[in-house]
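In the numbering used here, the protein residues as written are 317 to 417.
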């Protein structure tokens with residue numbers, strides 16, 4: 317069974333490699349200059365794999381940015397809370413000292 321799957325995978329890769337023959341086009345611009353463009357001509361399978369990889373990369377990137385943003389918000393909230401508590405502590409201490417005098 318493993319040999320059959322391995323053989324099938326090898327055939328798929330060799331077929332895909334033959335399908336990717338590069339094509340060369342020469343485009344002439346409006347100003348008369350020429351541009352040589354080489355296309356690799358990906359197979360449907362190859363293009364689908366690349367699209368899937370790009371989509372996964374985009375999702376991971378967006379998730380990372382959201383996590384970073386959430387961490388920043390949490391840090392700011394902790395900082396504000398700490399400042400409020402510190403200010404209340406100072407005010408409370410001053411009131412107690414004023415009463416004891």
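Yeah, the Cβ is synthetic: ideal placement off N, Cα and C, and Gly gets one too.
Residue pairing by DSSP places residue 406 in no beta bridge whatsoever. The beta carbon of residue 342 sits closer than 8 Å to those of 350, 351, 352, 353, all from its chain and outside the five residues before and after it, given in chain order. Secondary structure of residue 354 (DSSP, three-state): strand.
Looking at the DSSP output, residue 343 shares a beta bridge with 351. Here the alpha carbon of residue 359 sits roughly 41 Å from the alpha carbon of residue 386.
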